[in-house]
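Protein chains in written order, with our numbering: chain X, 1 to 258; chain R, 259 to 591.
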């Protein structure tokens, strides 16, 4: 195994607030790592900095051997590090199909002029992209609602679509930001299946989630953040027994027997 | 439904042919006055189509008419002061407008929403003053006489057909853009900028291209306007120009390309045929804008989509319709 992602000393300050304070994390290819912590612990900031939505104050992010610290989000995405957003951030006025197809563009390189003329090669690529879009929609269980507008979907489908859009970019590392928050049991089940299928394709996953059951059952390794600092890292069992974690976040172990 | 399919297609064909015939007949039957109105309609269609690109990315500029002006002055001055051939003036007008637009949007795209609107509003004001007060170059209030004709002797009929060809080419280009990768990335940028970025779209580049293409076509249109009118002055390019473009866009609806076309054609025709001018035209536009915002916020195109979806029973509700005849027919409902 080799490290797909090496983060060292990653910090983000907003004025006097340390949203992220010197966080180190190494992720191996094919792993699925959970990131937990109480509200305001810096989980979302961590994803924002990783994906280029925000620039870090200091620290280094090395992804597949490339230093991507502070790069623009579209460049980071085209290298294969892709994130989803909390809630339902979608291209809401576009159809489900178009949502995914837009994101399919990353792997293809075309210049505007040949595209405007509509060369045969461009049309062939269009067809391939449509096929790939359908394949991803099937994977996410969305093939039956492909013509609906994203904003008209039920909540569970919207969340799956968010993941499908990210998948369309052909990520090597997928950062899922609270994928099951606000879902009912059935929807959670479907999302966990989807995550398992994504893993089956060899995609490494970073998972931020509040639902402990999901994190504990899906992740191999967990990092715990509190007030921007990493306070623990280890297997699920280790984390559940960690004094600092229990104190900061999980409460007394008896409460979390389930 | 299936039975009606064939006659409907035939009907559209007949209507399209009739429309083409009417457009060709206008200068012969209507004379110079109607040819002039036709030219206005054509130029306005190009303006609104160019403006639509950036608006799809969620930025609304207030200075689109300024690029039309830059094109008109570039072409008019090159021609009248330096004697440059009209063809070259035409290309230079487009290039100059595109260049200025890039220089403007590179810093301006750092802000969004109403702030972008204000920055471009400021640019419109500055350029308005430049056109008016840099008298040694622009002739100030007195304007510029542009003697070179677009083609031949420059009769209204000749200009009408040249500009008709120009608008048809422009429509074709914008149609292809709509179906290109670049065109399909515009709405996502406007819809969810952050998601677009992490989906691999270069948001800034997309907006720069959208703005520059729109400005280039506005500049080209400005050149044709200058050589057709034979006289330009800063009075031609005030802020009402931009406001009208916004109204055409709102009336037509931005999502489909034929929406703004219908908006520009209908509004220009009504205003001209009722011989409204000055404050009356402004009043009329304001009233229409209010009505549209209240009754059909998605414009004519949005209304047509809603009607279509109601009849289609859920299938293909978001299919991309062809922009020409099909659109015009449905727009007239």
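Note that CB positions come from ideal geometry on N, CA and C, so glycine has one too. Computed from a predicted model, the values in this text were never measured in an experiment.
Is there at least one Cβ from chain R nearer than 8 Å to residue i's Cβ?
i	result
residue 270 of chain X	This structure does not reach residue 270 of chain X, given that chain X is present from 1 up to 258, and the question cannot be answered.
residue 87 of chain X	no
residue 261 of chain X	Here chain X has residues from 1 to 258 only, and residue 261 of chain X is not among them.
residue 51 of chain X	yes
residue 163 of chain X	no
residue 57 of chain X	no
residue 105 of chain X	yes
residue 33 of chain X	no
residue 121 of chain X	no
residue 118 of chain X	yes
residue 227 of chain X	no
residue 39 of chain X	no
residue 82 of chain X	yes
residue 93 of chain X	yes
residue 115 of chain X	yes
residue 154 of chain X	no
residue 90 of chain X	yes
residue 12 of chain X	no
In the structure shown, what three-state DSSP assignment does residue i receive?
i	result
residue 494 of chain R	helix
residue 232 of chain X	strand
residue 201 of chain X	coil
residue 18 of chain X	strand
residue 334 of chain R	helix
residue 148 of chain X	coil
residue 9 of chain X	strand
residue 409 of chain R	coil
residue 581 of chain R	Bear in mind that a pLDDT of 35 at residue 581 of chain R, under 50, signals an unreliable position, so the model cannot answer this.
residue 242 of chain X	coil
residue 368 of chain R	coil
residue 99 of chain X	helix
residue 552 of chain R	helix
residue 278 of chain R	helix
residue 226 of chain X	strand
residue 450 of chain R	coil
residue 206 of chain X	strand
residue 355 of chain R	helix
residue 140 of chain X	coil
residue 3 of chain X	strand
With a cut-off of 8 Å, does the C-beta of residue i fall near any C-beta of chain X?
i	result
residue 446 of chain R	yes
residue 432 of chain R	no
residue 508 of chain R	no
residue 456 of chain R	yes
residue 582 of chain R	Because residue 582 of chain R sits at a pLDDT of 34, beneath the cut-off of 50, its placement in the model cannot be relied upon, and the following sentence gives the value as read from the coordinates. No, its Cβ sits nowhere closer than 8 Å to a Cβ of chain X.
residue 438 of chain R	yes
residue 435 of chain R	yes
residue 514 of chain R	no
residue 568 of chain R	no
residue 310 of chain R	no
residue 315 of chain R	no
residue 405 of chain R	no
residue 442 of chain R	yes
Touch check for the segment 145-163 of chain X and the segment 89-96 of chain X: three-plus C-beta pairs under 8 Å?
yes
I'd like to know if the segment 16-34 of chain X and the segment 198-213 of chain X are in contact, where contact means that at least 3 CB-CB pairs between them fall below 8 Å.
yes
Counting pairs of beta carbons, one from the segment 483-496 of chain R and one from the segment 527-538 of chain R, are three or more of them closer than 8 Å?
no
If contact is defined by three or more beta carbon pairs under 8 Å, each pair taking one atom from either stretch, is the segment 503-510 of chain R in contact with the segment 397-410 of chain R?
no
3-residue-minimum beta strand (DSSP E) runs that sit fully inside the segment 22-97 of chain X, ordered along the chain:
32-36, 58-63 and 81-83
Could I get the ranges of all uninterrupted alpha helix (DSSP H) runs contained in the segment 460-542 of chain R, with 4 residues as the minimum, in chain order?
461-487, 497-510 and 516-531
Are the segment 480-487 of chain R and the segment 329-340 of chain R touching, with three or more C-beta to C-beta distances below 8 Å?
yes
Of the residues that make up the segment 449-478 of chain R, which ones have a beta carbon closer than 8 Å to any beta carbon in chain X?
449, 450, 452, 453, 454, 455, 456, 457, 458, 459, 460, 461 and 467
Counting Cβ pairs, one atom from each stretch, are 3 or more of them under 8 Å apart for the segment 40-51 of chain X and the segment 215-229 of chain X?
yes
Give the residues from the segment 169-193 of chain X that approach chain R closer than 8 Å (Cβ to any Cβ), ordered along the chain.
169
Residues of the segment 366-381 of chain R whose Cβ lies closer than 8 Å to any Cβ of chain X, in chain order:
none
Would you check if the segment 522-529 of chain R and the segment 541-552 of chain R touch, i.e. whether three or more CB-CB distances between them fall below 8 Å?
yes
Contiguous alpha helix (DSSP H) assignments of at least 4 residues, all confined to the segment 380-405 of chain R
393-396
Between the segment 234-246 of chain X and the segment 214-225 of chain X, do three or more beta carbon pairs fall short of 8 Å?
yes
Meets three-Cβ-pair contact criterion under 8 Å: the segment 468-475 of chain R and the segment 311-319 of chain R
yes
Along the segment 527-559 of chain R, where does the CB come closer than 9 Å to a CB of chain X? Name the residues.
none
Cβ pair count under 8 Å reaching 3, the segment 160-170 of chain X against the segment 449-463 of chain R
yes
Any contact of the segment 9-20 of chain X with the segment 47-60 of chain X, i.e. 3+ C-beta pairs under 8 Å?
yes
Is there contact here, the segment 50-70 of chain X with the segment 3-12 of chain X, by at least three beta-carbon pairs under 8 Å?
yes
For the segment 73-82 of chain X and the segment 112-130 of chain X, state whether three or more C-beta atom pairs, one from each stretch, are separated by less than 8 Å.
no
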